[in-house]
Amino acid sequence: MSSAICVWVPRDAAALAVGADAVVDAIRAQALARGMAVEIRRNGSRGLLWLEPLVEVETDQGRIGYGPVDVDDVRSLFEAGFLQGGAHPLALGLVQALPAFARQQRVTFDRCGLIDPLSLQDHHAQGGWAGLRAARAMTPETIVERVIDSGLRGRGGAAFPAGIKWRTVAQAPGDLKYVVCNADEGDSGTFADRMLLEGDPFKLIEGMAIAARAVGARQGFVYLRSEYPHAIATLDAALKLAREDGALDAGFDVEIRVGAGSYVCGEETAMLESLEGKRGIVRAKPPLPAVSGLFGRPTVVNNVLSFAAVPTILAQGADFYRAFGCERSRGTLPFQLAGNVKQGGLFELPFGLTLRELVFDWGGGTASGRPVKAIQVGGPLGAYVPPAQWDLPLDYDAYTKAGLVLGHGGVVVHDDRADLAELARFAMEFCAVESCGKCTPCRIGSVRGAETIVRIQRGERAQVPLLRELCDTMLHGSLCAMGGMTPYPVLSALDHYPQDFGL
Amino acid sequence: MTLSPDDLNAVRRVIAQRRALEGALLPILHGVQDALGCVPPEAVPLIAEALNLSRAEVHGTLSYYHHFRQAPVAGRVLQVCRAESCRTMGGEALHEQAQAAGGCHVESVYCLGLCAMSPAVMLDGRPHARMTPEKLEALLREESAA
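Chain order of the listed sequences is A and B.
Sequential numbering of the first sequence, starting at -1, is according to this note's numbering.
Sequential numbering of the second sequence, starting at 124, is according to this note's numbering.
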């Protein structure tokens, strides 16, 4: 079988959701019937999700792509000689050279889609553990300095400088410290954490091991949402391999903890409560988790993408990483383009491009072919961005200054049929369903907010000042971002799309 | 309702395996639900005793999370994403269609992480994206025949 031709088909949940496993079965059956030797390998997704299932054939020139492949296309692919890179209506040429791929600057996702996520051999061949090896040769203080120098800010949404957080934990007194990865990616329109967990989980494990060395932690947890069963299975298998390979050992190990369908558990203190086995109720801050976190111990809490950026910083240097990006937003952000968009997916790019470029140049406009009406950036607690603001640079501070949030880099496109009043009402309803109930502005404000929007929808214009006042109370009086940011989508809808409210 | 001896053993087995974990309650609740399809109220005192918690504390945690069920559901579980991205691509109509079709237990979820291929659903843990009313109908028919 040494002459077997290697065919890659992703095992990412997004590819599976559009029939990747059936495509694999069909390729095997066709190859068998034709007496051809094919070796099927499973990679993560390249993130060009409109092309999934994206089948790649290894040729002398490189990996040639075909997509999106349906089961019914497999026979004609064989007839077209796709195993030799033959011409076919679905042929895309070299995947590496596709503009939507080649124009990206992949740092965190450099291996995602390229390798079998559970092959240590692939991992080593692509420079695996180089960051961890570098870190093990450094003092903990040097590791922290490197991360500070890189300018890396927390990718979960709050954008707090990661190195500063690590330094606080490193300097906190006590022998028992924790490293916790927040993989409770609940925002609609975001899937970067999932893609990394399923496509290159060793990157996360490596980042967490580096963090543990920097702060002196012996135990790590990944809090992973129950809605991601494939990510849970892949990470679990990767942890076992990482132990065999010596990246995790008696000095530091990582355990997966599965969430249970609570959105607010993506808030770091609610997540810590959940990890402790309690209801996911938000804690008042201070104390910060860096000082008193999990079980009252100093705890590093970072998002998947924050940890996953760290191996590169250690392996290639802080300057390499900070050379990407603009102003105080350094490095790259894996933007996730979703909703009503023609070419949705994950595009890792330096900060600083505009929303217009992202949605139209990268995304190709709407899937429906209709005009774009509104773009929600930053998840369900992010604002609906109107056309007048589509030319702002996508960086943390430019967005904050304009009253917007970049969050986890999720972008959801809505066409001209979207009813922004209805989306505003949904934002309040979602908050009512998911509120942890600890603080009154969020618990009661969200219920009253949804009711008030219904009244406005019925034509009671006098309710508008009441809604604004309520949003003001939620903004300033809530304990966490759940109640504190639900007014972002509501007020942006009201301010920029009053006609949808009948105003 | 009392637990059958088999179910009782399953609960005890999960408790024995996981009670020593740090923050063991959620892992135990997951283990029980994975084994029995739900966390029946009869399991609560057993878990409470093992973890030295009050029954109220265990019930409080159990009832807080959307994922945990206290009674079994009959048949298949269809999770329909109702968050913004799927909503703008016709997810709400799929939710209505699934409820009207019957034959499976329909749950709302807020994001399956398949947003670039909205709308998305998950049937018994298997994801399906770029859904249409026709595809959903075929899926429900095919799965109920299986």
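Yeah, the Cβ is synthetic: ideal placement off N, Cα and C, and Gly gets one too.
K283 (chain A), DSSP secondary structure in three states: K283 (chain A): coil per DSSP, three-state reduction.
Residue nearest to A430 (chain A) in terms of C-alpha spacing, selected from A:A20, A:L88, A:G244, A:I442: Out of A:A20, A:L88, A:G244, A:I442, A:I442 has the C-alpha closest to the C-alpha of A430 (chain A).
Sufficient close CB pairs (3 or more, under 8 Å) joining the segment 447 to 459 of chain A to the segment 382 to 390 of chain A: They do not touch, by the three-pair rule.
First through last residue of the alpha helix (DSSP H) which encompasses Q119 (chain A): 118 to 123 is the extent of the alpha helix (DSSP H) around Q119 (chain A).
N- and C-terminal bounds of the alpha helix (DSSP H) containing H474 (chain A): It spans 461 to 475 - the alpha helix (DSSP H) in which H474 (chain A) sits, taken as one unbroken run.
From B:R249, B:C238, B:M245, B:P242, residue whose alpha carbon lies closest to that of G45 (chain A): Measuring from the Cα of G45 (chain A), the nearest candidate turns out to be B:C238.
K399 (chain A) - DSSP class collapsed to helix/strand/coil: It is helical.
Contact set for C4 (chain A): own chain, Cβ-Cβ below 7 Å, skip 5 residues either direction: Excluding residues up to 5 positions away in sequence, E37, R39, E56 lie with their Cβ nearer than 7 Å to the Cβ of C4 (chain A) in the same chain.
Whole-angstrom C-beta distance between D247 (chain A) and G218 (chain A), which should lie under 8 Å: About 12 Å; that fails the 8 Å criterion.
V452 (chain A): contacting residues in chain B (beta-carbon distance under 9 Å): The premise fails here: V452 (chain A) is roughly 16 Å from chain B at the closest Cβ pair, so nothing lies under 9 Å.
Assigned exposure category for N175 (chain B) - 16 Cβ within 10 Å defines buried: In the assembly as shown, N175 (chain B) is an exposed residue. Its beta-carbon has fewer than 16 other beta-carbons within 10 Å.
Test item: CB-CB of F306 (chain A) and L150 (chain A) under 8 Å: The sequence as given places Ala at residue 306 (chain A); Phe does not occur at that position. No, these two residues do not count as a Cβ contact at 8 Å.
Segment contact flag, the segment 458 to 469 of chain A with the segment 351 to 358 of chain A, C-beta cutoff 8 Å, min 3 pairs: A contact between stretches requires three or more CB pairs, one per stretch, nearer than 8 Å, and the segment 458 to 469 of chain A fails this requirement with the segment 351 to 358 of chain A.
At least three beta-carbon pairs within less than 8 Å, the segment 212 to 224 of chain B to the segment 255 to 267 of chain B: The segment 212 to 224 of chain B vs the segment 255 to 267 of chain B: in contact.
Buried/exposed call for H474 (chain A), threshold 16 Cβ in 10 Å: Exposed, by the Cβ-count rule.
Distance cut-off 7 Å: E432 (chain A) Cβ against heavy atoms of the ligand ADP: Looking at this structure, you won't find the ligand ADP or any other ligand, since it has none at all.
Residue-level contact to chain A via CB, A223 (chain B), 8 Å cutoff: The beta carbon of A223 (chain B) sits no closer than 8 Å to any beta carbon of chain A.
C-alpha distance - V308 (chain A) paired with I208 (chain A), whole-angstrom precision: Between V308 (chain A) and I208 (chain A), the C-alpha separation is close to 8 Å.
Contact under 8 Å by Cβ, Y64 (chain A) with L96 (chain A): The answer is no: Cβ separation not under 8 Å.
Distance, A135 (chain A) Cα to D114 (chain A) Cα: Computed Cα separation, rounded: 28 Å.
Partners in chain A for C227 (chain B), counting only beta-carbon separations shorter than 8 Å: Those within 8 Å of C227 (chain B) in chain A number zero; the least Cβ separation is about 18 Å.
R277 (chain A): contacting residues in chain B (beta-carbon distance under 7 Å): Contact of R277 (chain A) with chain B by beta-carbon distance below 7 Å involves G183, T184, Y187.
Cβ contact (3+ pairs, closer than 8 Å) linking the segment 229 to 239 of chain A and the segment 196 to 212 of chain A: Flag = yes, the segment 229 to 239 of chain A and the segment 196 to 212 of chain A touch.
CB contact below 8 Å: N301 (chain A) versus chain B: Chain B, which has no Cβ nearer than 8 Å to the Cβ of N301 (chain A), makes this no.
Proximal residues of chain A, C-beta to C-beta of G160 (chain B) below 7 Å: Neighbours of G160 (chain B) on chain A: none; closest Cβ ~15 Å, over 7 Å.
Residue burial classification, S327 (chain A) (beta-carbon count within 10 angstroms, cutoff 16): S327 (chain A) counts as buried, since at least 16 other C-beta atoms from the protein chains shown sit within 10 angstroms of its C-beta.
Sequence-distant residues of its chain with Cβ nearer than 7 Å to A100 (chain A) (five each side left out): Here the set comprises Q94.
Which residues DSSP lists as bridging I442 (chain A), in chain order: As computed with DSSP, I442 (chain A) is found in no beta bridge at all.
Beta-carbon contacts of M(-1) (chain A) that lie in its chain and below 8 Å, excluding the five residues immediately before and after: The predicted position of M(-1) (chain A) is uncertain, since its pLDDT is 44 and thus under 50; a value taken from the coordinates is nonetheless stated next. Excluding positions up to five away in sequence, the list reads A35, E37.
Closer than 8 Å to chain A by CB, V200 (chain B): V200 (chain B) does not count as touching chain A.
Closest residue to A224 (chain B) among B:V181, B:R264, B:P250 (Cα-Cα distance): Minimum Cα distance to A224 (chain B) is reached at B:R264.
D71 (chain A) at chain B interface by Cβ criterion, 8 Å: No, D71 (chain A) does not count as interfacial toward chain B.
Counted within 10 angstroms of its Cβ, other Cβ atoms place H153 (chain B) as buried (16 or more) or exposed: The Cβ neighbour count for H153 (chain B), taken over all protein chains shown within 10 Å, is at least 16; the residue is labelled buried.
Cβ separation of V298 (chain A) and K163 (chain A), assumed to be a contact under 8 Å, to the nearest whole Å: With 8 Å as the limit, V298 (chain A) and K163 (chain A) qualify as a contact, their Cβ atoms being about 6 Å apart.
Beta-carbon gap between Q334 (chain A) and T140 (chain A) smaller than 8 Å: No, these two residues do not count as a Cβ contact at 8 Å.
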